[in-house]
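Data first, discussion second: the structure below is written as structure tokens.
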Amino acid sequence: PENIGDSLAHVLALPQNRLNGTIPSSIVNMERISHLMLPGNQLTGTVPNDLWKLNRSITFFDVDENGLEGTLPELISMRGLRCLGLSGNRLSGTLPALPKCLGRLNITGSTLSGLVSE
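Under this note's numbering, the letters of the sequence shown match residues 350 to 467, in that order.
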């Protein structure tokens, strides 16, 4: 729902719930969210461009196996991001600079290009 940003949740885990539509842009207002897990749904559209606003809180972002497309927003400012799951989507373009603390990156099935630093 569009008012999801009003939530004070730390974890939002809705895997394989047949969610459809786009990821609401208001999700970036979830100031306390640390784990955002939406894999195995039917989400479409793009990853919200202002996702970087979750830079202080988010550590785990998983949207594996959806129908997301387009390019990725800037992620380097997401200093706490440890895990990024993007496999099984139709993402394309250049992989943006990634946070140094990122320990897991899954982009299987995408056509993203670029370098991943050590």
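In this text, a Cβ means the ideal position worked out from N, Cα and C, and glycines have one as well.
Cβ atoms of valine 412 and proline 388 come within 8 Å of each other, at about 6 Å. Relative to the Cα of lysine 449, the nearest Cα in the group Val465, Val377, Arg367, Gly394 belongs to Val465.
Annotation for valine 360: the continuous beta strand (DSSP E) segment containing it runs 360-362. Under the criterion of beta carbons closer than 8 Å, arginine 367 and asparagine 390 qualify as touching, at roughly 6 Å.
Going by beta carbons, glycine 416 and threonine 443 fall outside the 7 Å limit.
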